[in-house]
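**Student:**
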Amino acid sequence: MRVYDLAHARAGDKGNTSNISVTAYSDAGWAALRADLTAERVLAAFRHLTAGPVRRYELPKLRALNFVIEGVLGGGVTRSLRIDPHGKALSALMLTIELPGAQAAADQVPALRARAGSGCPDGGAAPSAA
Amino acid sequence: MPAASVIRIGAGCGMSDDRIPPAVELIERGDLDYICCECLAERTIARESLDRARNPARGYTPSLLERMEAILPPALARGVRIVSNMGAANPRGAARAVLDAAPGWGCKDVACAVVLGDDVTETVRGLPGLPILEDGTPLESILPRMASANAYLGADVVAAGLATGAEVVITGRVADPSLFLGPMLHAFGWDYDDWARLAAGTLAGHLLECTGQLTGGCFADPGMKDVEDLAGLGYPFVDVDAAGAITLGKTPGSGGRLDQATCTEQILYEIHDPAAYITPDCVLDITGVSFRQEATDRVAVLGAAARPRTPTYKVVVGYFDGYVGAGEMGYAGPNAVARARLAGEVVRERLRRRGFAYSELRCDLIGMTSLHGDDGRPKPEPYEVRLRVAARADNRRAAEAVGAEVRALHMQGPGMAGGGVNLGAREVLAVKSVLLDRTLVRPEILLEGGR
């Protein structure tokens, strides 16, 4: 099961660092992401582009994770030779990551076709790193 | 202070090349009090500093007059005040250019407040020991190549500009959210140490500063995340009351969507630690934030918090960092990928034999590895693929040779190549950051024009 089936993502840039947010479509998807989309797993998916580190922050009220991936933009927006110096398209790479045991969550996730606002559980941000 | 109960601030521009018609629609249909236009990327001021060096009257955002011609007349007609950092490396020159052109647009007696003082080039030149934030080395190493140094000023100077009564406030480097917080400080007279209100206003500014990225831009994924009338994407506004309650909206009747999903993507855009987003005004903490859908395309934002601002300003230093050259060539049909790979090897070898040296040279296959890189896993071969070669050199001639060699692949490379293009060479203006004690930065406000 891919992250793509559970969540949507957006990438931003600062210097040579990309931050990629991953937002769950549902509570079940959030539980799966929170448990399995670790900083280690993200670093493994980006290993061919950077040695890291990757830091992960949790935002339970938004059902979102924020990953900060250092060294991934080929030297930074202003000097990178990358065709996408901002790394805007790297959010889609995040969505290709395969998660173990997330099938149950994915089965409960309707695509986000409808406009939605929803309540989320409480909690604060806690960074973890790889 | 004016006794406003609620003010409405629109987002009119999120980058120097942002689309102009949505800003005009927002002014005409959005019932705004203010519109803020954010036009400076990290390296933009360095580029405009070079422009100013060539012509002292220039150095402002190149799209300034085109944008102001479109938005100033409708803004004046509706009493909407404009705040923008389009002054770039020459805010005073920008104000004068606008005031010179305004009568031709039917705008008379316009006043522009100009914010100066962000340019700290000479100050940092005298501080070679300042550590560079990105790598800890002293600033000294890039001082000989420095093109510009500008401090991110805060909302206090924007509010001071508005206090002059000018219809337009033009700044150089001001932090993006501060452009939006400024009108709130001005309209409500908030204490600059009122962290709860500064948190709300800063968060509102952060959400709005990329215009359509809040309202369905940078979002659509057909079948998964659909956006109604993306072509007619409307830009957002925020309603703020004196207590700091913030509610988001967008141009009535426009395309796009404004909801929990779009807001969540944008709140984390360019954020690292969500408990510590440092602006010149405060240290914003968004870990307690939630969104509440009040109505279609109306979202209340709850739970922003902030700690006191830091004693320093962040300064972006622009410097020359060599040259980059690039070119592309297309291949299709049988064995296209192998031909493209061979072409890349040929270009690399020809450049080597000509004696050019590059500190970095990369060959990407557009259609396969250009955006996500090559993770080594087998992928299906595409029907078409496009070779892109890019290289970094310390001189322009070597950089120019890259695109020329790629273009020559038409005749001297592998067979059946089409659509070659020499993307030329450019001088690289890179940026690094330092922190500068606030006491070393002296902003000032000038008034240009008026009656």
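In order, the protein sequences belong to chains A and B.
Position one of the first sequence corresponds to residue 275 (our numbering), numbered consecutively onward.
Position one of the second sequence corresponds to residue 81 (our numbering), numbered consecutively onward.
Glycine residues also receive a C-beta, built at the ideal position from the N, C-alpha and C atoms.
Whole angstroms is fine: what's the gap from residue 347/A's alpha carbon to residue 460/B's?
**Tutor:** 25 Å
**Student:** List the DSSP bridge partners of residue 329/B.
**Tutor:** 317/B
**Student:** Shortest alpha-carbon distance to residue 180/B belongs to which of 100/B, 465/B, 148/B?
**Tutor:** 148/B
**Student:** Starting from residue 326/A, find everything on chain B with Cβ-Cβ shorter than 8 Å and list it in chain order.
**Tutor:** Per Cβ cutoff of 8 Å: no residues; residue 326/A is ~14 Å from chain B at best.
**Student:** Can you check whether the C-beta of residue 354/B is within less than 7 Å of a C-beta belonging to chain A?
**Tutor:** Taking 7 Å as the threshold, the shortest C-beta distance from residue 354/B to chain A falls below it.
**Student:** Less than 7 Å between the beta carbons of residue 190/B and residue 175/B, yes or no?
**Tutor:** no
**Student:** Classify residue 324/B: buried if its beta carbon has 16 or more other beta carbons within 10 angstroms, exposed otherwise.
**Tutor:** buried
**Student:** Based on Cα-Cα distance, which residue from 524/B, 529/B, 530/B, 528/B lies nearest to residue 197/B?
**Tutor:** 524/B
**Student:** Per DSSP, which residues does residue 371/B bridge with? Please list them.
**Tutor:** 381/B
**Student:** Ignore the nearest five residues each way along the sequence and tell me which others in residue 285/A's own chain have a CB closer than 6 Å to its CB.
**Tutor:** Closer than 6 Å at Cβ, skipping near neighbours: 292, 294, 361, 362, 364, 365.
**Student:** Report the CB separation of residue 379/B from residue 331/B in whole angstroms; it is logged as a contact under 8 Å.
**Tutor:** Incorrect: roughly 15 Å between the Cβ atoms, too far for contact.
**Student:** Measuring alpha carbon to alpha carbon, tell me which residue in 265/B, 238/B, 101/B, 289/B is nearest residue 95/B.
**Tutor:** 289/B
**Student:** Mapping DSSP to helix, strand and coil, what is residue 389/A?
**Tutor:** A caution first: residue 389/A carries a pLDDT of 42, below 50, which makes its placement in the model unreliable, though a value can still be read off. If DSSP states are grouped into helix, strand and coil, residue 389/A belongs with coil.
**Student:** Pick from 495/B, 253/B, 110/B: whose alpha carbon is nearest that of residue 164/B?
**Tutor:** 253/B
**Student:** Let me know the secondary structure DSSP gives residue 314/A once reduced to three states.
**Tutor:** In the structure shown, residue 314/A falls within a helical segment according to DSSP collapsed to helix, strand and coil.
**Student:** Output, in chain order, the set of chain B residues within a Cβ distance shorter than 7 Å of residue 353/A.
**Tutor:** Under the 7 Å cutoff, chain B gives 401, 508, 510.
**Student:** Only counting runs of 3 or more residues, tell me where the beta strand (DSSP E) segments fall wholly within the stretch 189-264 of chain B, in order along the chain.
**Tutor:** 191-196, 226-231, 248-250
**Student:** Which one of 402/B, 371/B, 398/B, 360/B has the shortest CA to CA distance from residue 387/B?
**Tutor:** The shortest Cα separation from residue 387/B among 402/B, 371/B, 398/B, 360/B belongs to 360/B.
**Student:** For chain A, check one thing: does any of its Cβ atoms lie closer than 7 Å to the Cβ of residue 453/B?
**Tutor:** yes
**Student:** Specify whether the stretch 303-322 of chain B and the stretch 242-250 of chain B touch according to this definition: at least 3 beta carbon pairs, one from each stretch, less than 8 Å apart.
**Tutor:** The stretch 303-322 of chain B, when compared against the stretch 242-250 of chain B, does not touch it at the 8 Å Cβ threshold.
**Student:** Any beta carbon from chain A within less than 7 Å of residue 348/B's own beta carbon?
**Tutor:** Residue contact check for residue 348/B against chain A: a CB pair falls below 7 Å.
**Student:** From the DSSP output, in three-state form, read off residue 285/B for me.
**Tutor:** Helix, per DSSP.
**Student:** Whole angstroms are fine: how far does the CA of residue 498/B sit from the CA of residue 422/B?
**Tutor:** 15 Å
**Student:** Extract the residue ranges of the alpha helix (DSSP H) inside the stretch 404-482 of chain B, only unbroken runs of 4 or more that lie entirely within it.
**Tutor:** 416-433
**Student:** Whole alpha helix (DSSP H) runs in the stretch 104-142 of chain B with 4 or more residues, listed along the chain?
**Tutor:** 124-134
**Student:** Establish whether the CB of residue 360/A and some CB of chain B are separated by less than 7 Å.
**Tutor:** no
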